[in-house]
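Residues 58 to 275 in the working numbering are what the sequence shown spells out, letter by letter. Structure record follows, encoded as C-alpha cells.
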Amino acid sequence: MNHVETLPKIKSMLQHKNDLVRSEAQYGLTKFAGFEGLYFLDNLQEQLTDWQQLKLLDAITILPNIDEVDKIISNWLKSPNQSVKILTMKLIRKFQLLQMHDLVADNLHDSDEKVVEETIKTLVRIEDDSTSKLLIEQYETCNEKFQIQILKALEKISNPENNTFLETQAKENPSFSVKKASVRALNNCCSKTNLQKLAHQSNSPELKQIINQIIQEN
Numbered sequence: 058m059n060h061v062e063t064l065p066k067i068k069s070m071l072q073h074k075n076d077l078v079r080s081e082a083q084y085g086l087t088k089f090a091g092f093e094g095l096y097f098l099d100n101l102q103e104q105l106t107d108w109q110q111l112k113l114l115d116a117i118t119i120l121p122n123i124d125e126v127d128k129i130i131s132n133w134l135k136s137p138n139q140s141v142k143i144l145t146m147k148l149i150r151k152f153q154l155l156q157m158h159d160l161v162a163d164n165l166h167d168s169d170e171k172v173v174e175e176t177i178k179t180l181v182r183i184e185d186d187s188t189s190k191l192l193i194e195q196y197e198t199c200n201e202k203f204q205i206q207i208l209k210a211l212e213k214i215s216n217p218e219n220n221t222f223l224e225t226q227a228k229e230n231p232s233f234s235v236k237k238a239s240v241r242a243l244n245n246c247c248s249k250t251n252l253q254k255l256a257h258q259s260n261s262p263e264l265k266q267i268i269n270q271i272i273q274e275n
C-alpha cells in the first residue's frame with residue numbers, strides 16, 4: 058500500500074481505545090516514517106512496555122540529519138513519562154549521541170529508580186571527562202544497589218583517576234558486595250601488582266580473600 062494512503066490510517070489509530078491497536082499503530086507509524094514517526098512521544102500518557110520500546114528501537118535505523126533532532130531528543134529526556142525517558146536513553150545509546158551527555162546526566166537525580174538505572178548505563182556508553190566525577194558524586198547519596206551499579210560503571214570506564222576512590226570503598230565500606238565490586242573495578246584500572254600491594258597492606262581477611270579471588274579469576 059502507498060505510504061501516502063497508509064500513514065493517515067495509522068495515525069488515526071494512535072488514540073484507539075484498545076491498547077494493542079494503539080501499540081501496533083505506534084510501531085507501524087515508526088516503521089513507515091522512521092524517527093519522525095516517534096512524534097507521538099511528545100504527549101504520550103501511557104507507559105510503553107519493554108517489548109514496545111524494543112520494537113520501536115528496532116524500527117529506527119537512522120537519524121535524520123537535521124538540527125531539530127537534538128532539540129526533540131532533549132525534550133523527551135525531560136518528559137514526565139518514565140518510559141519515554143527510558144526509550145530516549147536507549148535511543149541515545151544505540152546511536153552514540155555523545156552530545157546528549159550532560160542532559161542525560163541531569164536524570165541521575167530522578168526520583169524513579171528505573172530512570173536512574175538507565176541513566177547510569179547511558180552515561181557509560183557516551184562517557185566524557187566528567188562522567189566518573191558525576192557518578193562518584195551521585196554514589197554518596199545512593200543505597201547499596203545503586204552504589205554497586207555505579208561501581209560496575211566505573212569498572213567499564215576504567216579510569217586510573219578513580220583508583221583512590223575505589224581503594225577507599227574496598228577498604229572502608231562494610232558491605233562485602235561493595236568491596237567486591239570496588240576490587241573488580243580496580244582490577245580494570247590498575248596492575249595486578251597494585252592489587253597485591255593493597256591486599257598485603259590490608260588488615261582485613263575479607264578484603265584479602267576478595268582480592269586473591271579476583272586475581273585468580275583473571
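Where is the CB? At the ideal position from N, CA and C, for every residue including glycine. The structure displayed is predicted, hence computed values, not measured ones.
The segment 228-243 makes no contact with the segment 173-190; the number of CB pairs closer than 8 Å stays below 3.
Contact annotation: the segment 76-96 touches the segment 118-132, with at least three C-beta pairs closer than 8 Å.
In the three-state reduction of the DSSP assignment, Lys-171 falls in the helix class, which pools H, G and I. In the three-state scheme derived from DSSP, where H, G and I count as helix and E and B as strand, Pro-262 is classed as helix. Under the three-state reduction of DSSP output, Ser-140 falls in the helix class. Contact between Asp-167 and Thr-179 does not hold, since the beta-carbon distance rounds to 12 Å and is not under 8 Å.
As the crow flies, the alpha-carbon of Met-157 is around 38 Å from that of Leu-264. A distance below 7 Å separates the beta carbons of Tyr-196 and Ile-207. Val-235 places its beta carbon 7 Å or farther from that of Ile-267. Between the alpha carbons of Lys-112 and Tyr-84 lies a gap of roughly 7 Å.
For Lys-135, no alpha helix (DSSP H) run applies, since DSSP gives it neither H nor E. A buried status is given to Thr-87, since no fewer than 16 other beta-carbon atoms sit within 10 Å of its beta-carbon. Distances from the alpha-carbon of Gln-253 to those of Gln-153, Asn-219, Asn-269, Ser-136 put Asn-269 closest. Apart from the 5 residues on each side of it in sequence, Ile-143 sits with its Cβ closer than 6 Å to the Cβ of Glu-175 in its chain, given in chain order. The beta carbon of Ile-149 sits closer than 6 Å to the beta carbons of Met-157, Thr-179 from its chain, once the five residues preceding and following it are set aside; these are given in chain order. Residue environment analysis places Ser-248 among the exposed positions, since fewer than 16 neighbouring C-beta atoms fall within 10 angstroms of its C-beta. Contact between Ser-140 and Gln-104 holds: CB atoms are separated by about 4 Å, below the 8 Å threshold.
Check the Cα spacing between Thr-106 and each of Ala-116, Ser-80, Lys-209: the tightest is with Ser-80.
Cβ contact annotation for Leu-160 (same chain, cutoff 6 Å, sequence separation greater than five): Ser-131, Leu-134, in chain order.
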